[in-house]
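Take a look at the structure below.
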Amino acid sequence: MKILIAASEAVPFAKTGGLADVTSALHKKFGKLGKKSYLVLPLYKKIRKEFKLKDTKVSITVPLGNRIIKACVFTLDDSVYFIDCPEFFDRDELYGTSQNDYPDNASRFIFFSRAILESCKALNLKPDIIHCNEWQTGLVPLYLKTLYRNDVFFSKTASIITIHNLGYQGLFSAFLMNLTGLSPALFTPEGIEFYGKMNFLKAGLISADLITTVSNTYAGEISTKEYGFGLDGLLRKRKSDIRGIINGIDYDEWNTEKDKYISKKYSVNDLSGKKQCKLQLIKECSINPDPKIPIIAIISRLSAQKGIDLFLPIIESIISEKANIVILGKGDDIFHKKLTAASKKYKDMLNLTIGFNDEFAHRIYSGADIFLMPSRYEPCGLGQIIAMRYGTIPVVRKTGGLADTVSEFNTGNDKGTGFLFSEYTPNALYTVLKNALDTYKNENKWQKLILNAMRTDFSWENSARKYIEIYNEAIRLKK
205 MKILIAASEA VPFAKTGGLA DVTSALHKKF GKLGKKSYLV LPLYKKIRKE FKLKDTKVSI
265 TVPLGNRIIK ACVFTLDDSV YFIDCPEFFD RDELYGTSQN DYPDNASRFI FFSRAILESC
325 KALNLKPDII HCNEWQTGLV PLYLKTLYRN DVFFSKTASI ITIHNLGYQG LFSAFLMNLT
385 GLSPALFTPE GIEFYGKMNF LKAGLISADL ITTVSNTYAG EISTKEYGFG LDGLLRKRKS
445 DIRGIINGID YDEWNTEKDK YISKKYSVND LSGKKQCKLQ LIKECSINPD PKIPIIAIIS
505 RLSAQKGIDL FLPIIESIIS EKANIVILGK GDDIFHKKLT AASKKYKDML NLTIGFNDEF
565 AHRIYSGADI FLMPSRYEPC GLGQIIAMRY GTIPVVRKTG GLADTVSEFN TGNDKGTGFL
625 FSEYTPNALY TVLKNALDTY KNENKWQKLI LNAMRTDFSW ENSARKYIEI YNEAIRLKK
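If you count by our numbering, then the sequence shown holds residues 205 to 683, one letter each, in order.
Following this line, the structure appears as C-alpha cells:
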C-alpha cells in the first residue's frame, strides 16, 4: 500500500499545533509497519533555511484562475516532499501573523491542493490512498472526484480527510471560486457553499471516501449543533462514514528515561529525577523557590478555544493557594496582553513565555506538577497525553479527546489519572483545580496518581494500525 499524507505542517519542519505532531508520527509509524508512506508539505521559508533538501529536478504547472503558477519539488529522503513556490510559501509564518491571516490564503492552498496531485503525476508516485488533513488540503478529495475523475493515473486512488479541529474550516469569498477551476455548479448548499462563502473543509467532507477525526467522543460531538460549527447537518448525513481514532504520541521523543532536554532522567521505578527537573524549572523560570509549592503548567495556543478566558479570572485565586504558574504558548493578542499584565503583577509566581520552544516544553512537562487544559472543546489534545507520560497530572475539561484520555482520580481506590470538570465557567475550573491542589498535599495519594498517569499507553502503534484499516476500507469503497 502506498500512502500519501498531505498536510500543511509536520514536525520537525513546520508546526503551529498538534496537526504537525500527528502527520509526522503517522508517517514514521507507517514506515515501521512496512507500509510505503510519503509526506507532502509546502516549502516554507523556515524549512528552506533549516534543512538541506535535494532538488528532484521535477517541475509542475498549476492553473490558478487565469494564471499558470510554476513550482518545483524538493525532497529530504525520497519520502518527504516539499512544493516550492516562493510567491506563496517563502514567508515568516505559515498562515499569517498574530494580527491577521495572510490575505491570499485561498490562493495559497488552492494552489497547494492542486500541486499535490500534479506532483504525484510528475514524480510518478501513484498513491493507493491520499490522507488529507484539515481545510488546507480539503480541496484534494473534491479535485479527485471532479477535475481528475477521468485521469487514469488516479483511477485507483482513494481519499480520506481528517478533521483535527472543526473550528477551522477555510472560509473564503465566493468571488475567489474561479481560482479553483471547479464548476460554479458546485457553489451550492449541497456543495462547497457555506453561508455565502467557499468552505475548503466542507469540500473534503462532501467528497472524501471516508472521514476521520481524532477521538471517539469528538466524532460524536461534531454532529451536534454545539460543536458542529454549522456543518453538523452534513456530518449527521455522513455519520456512517465517520471514524474516531485517538491520537498517540511519539514515545521515542516523549520518554522520561531518554529525554535529552531534561536535567535528570526518571521512570515509574525511580521518580527522584522528577524532583530534580522541578528544581531546574523553578530556577529557569525564577518563580517561588520552595519545591513544596506545586507548579501548574499551561502549554497551549493562547485562545478562547483553549479555555484561556476561564483561566484569566482565577489567576489571583490560584496564586493565593500558593501555586506557581508556568505558561508557554502564543495565540491571540488580547490574551498575550492580559497574561503579560498578570505575569508582571505576579512576577515571582507566574512565568510567561510568548512563543513556542520545544526544548523548554520538555522541561515544563518534566518539572511541573499539574498540567492545565480547560478547553471549550478539544478534538483530541496531545498535551494531556504527554503530561501524563511525564507524571504531570492533567486538569482538563470533560470534552472530546480529553474525556477519552483522562480518567477521574478516585481518592477512595486510588484509580484514575487526573481531574475533570464539565461546566464551562471560571468557578467550575477553580473548583476542580482546588481539588487537585488539595490532593497534591497528600504526598502518598499524589505519588500513586503520578504512577497511574505514567503507566498510560497512548503510543502510535494502535492508532496507526486503525488508520491502515480505514485506508483499506476507503480503497474498497473506491472500487
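We treat Cβ as the ideally placed atom computed from N, Cα and C, and that holds for glycine.
Beta-carbon proximity list for residue i, same chain, < 7 Å, skipping 5 on both sides
| i | result |
| --- | --- |
| residue 347 | 317, 318 and 321 |
| residue 615 | 643 and 649 |
| residue 314 | 268, 343, 383 and 384 |
| residue 334 | 208, 210, 344, 361 and 363 |
| residue 467 | 480, 481 and 484 |
| residue 339 | 372, 373, 374, 404 and 405 |
8 Å CB neighbourhood of residue i in its chain, flanking five on each side removed
| i | result |
| --- | --- |
| residue 612 | 620, 622, 623 and 624 |
Residue i, enclosing beta strand (DSSP E) - first and last residue
| i | result |
| --- | --- |
| residue 402 | 401-403 |
| residue 448 | 446-448 |
| residue 210 | 206-210 |
| residue 259 | 258-268 |
| residue 532 | 528-533 |
| residue 275 | 271-279 |
| residue 558 | 554-558 |
Strand pairing of residue i, partner residues [DSSP]
| i | result |
| --- | --- |
| residue 577 | 600 |
| residue 368 | According to DSSP, which records beta bridges pairwise, residue 368 is partnered with nothing at all. |
| residue 337 | 366 |
| residue 667 | In DSSP, residue 667 forms no bridge with anything. |
| residue 612 | 622 |
| residue 300 | 305 |
| residue 501 | 530 and 575 |
| residue 244 | 210 and 285 |
| residue 218 | 214 |
| residue 506 | 535 |
Unbroken alpha helix (DSSP H) run spanning residue i, endpoints
| i | result |
| --- | --- |
| residue 570 | 562-571 |
| residue 320 | 309-327 |
| residue 286 | Residue 286 -> not in any alpha helix (DSSP H); beta strand (DSSP E) instead, spanning 284-288. |
| residue 227 | 222-236 |
| residue 644 | 630-644 |
| residue 489 | 476-489 |
| residue 541 | 537-549 |
| residue 347 | 343-349 |
| residue 656 | 647-658 |
| residue 239 | Unbroken run through residue 239: none, as it is neither H nor E. |
| residue 153 | As shown, the chain starts at 205 and ends at 683. That puts residue 153 outside it, with no answer to give. |
| residue 376 | Element bounds for residue 376: not the alpha helix (DSSP H) but the beta strand (DSSP E), 375-377. |
| residue 515 | 512-515 |
| residue 524 | 519-524 |
| residue 353 | Looking at the DSSP string, residue 353 is not in any alpha helix (DSSP H), and its letter there is neither H nor E. |
| residue 587 | 587-593 |
Close-in-space but distant-in-sequence residues of the same chain around residue i (CB under 6 Å, 5 per side omitted)
| i | result |
| --- | --- |
| residue 670 | 449 |
| residue 590 | 453, 458 and 569 |
| residue 445 | 414 and 415 |
| residue 528 | 491, 492, 497, 499 and 553 |
| residue 559 | 534 |
| residue 286 | 245, 247 and 278 |
| residue 412 | 345, 363, 364 and 365 |
Residue-chain proximity (residue i, chain C), Cβ-Cβ < 7 Å
| i | result |
| --- | --- |
| residue 307 | The chain inventory of the structure shown lacks chain C, comprising one protein chain alone. |
Any 3 or more C-beta pairs closer than 8 Å across the segment 392-405 and the segment 358-375:
yes
Using 8 Å as the threshold, is the segment 225-243 in touch with the segment 385-392, meaning 3 or more CB pairs across them?
no
At 4 residues or longer, what runs of the alpha helix (DSSP H) sit wholly inside the segment 397-469?
404-411, 420-425 and 436-441
Take every Cβ of the segment 668-677, pair it with every Cβ of the segment 413-421, and state whether three or more of those distances are shorter than 8 Å.
Result yes; three or more Cβ-Cβ pairs closer than 8 Å.
Counting Cβ pairs, one atom from each stretch, are 3 or more of them under 8 Å apart for the segment 635-647 and the segment 295-308?
no
With a cut-off of 8 Å, do at least 3 Cβ pairs link the segment 565-584 to the segment 537-555?
no
Inter-stretch contact at 8 Å, needing at least 3 Cβ pairs: the segment 278-285 / the segment 251-267:
yes
State whether the segment 503-514 contacts the segment 531-538, with contact taken as three or more CB pairs (one from each stretch) at a distance under 8 Å.
yes
When the Cβ atoms of the segment 590-600 are set against those of the segment 653-671, are three or more pairs found closer than 8 Å?
yes
Touch check for the segment 534-548 and the segment 507-519: three-plus C-beta pairs under 8 Å?
Judged by Cβ distances under 8 Å, the segment 534-548 makes contact with the segment 507-519, as three or more pairs qualify.
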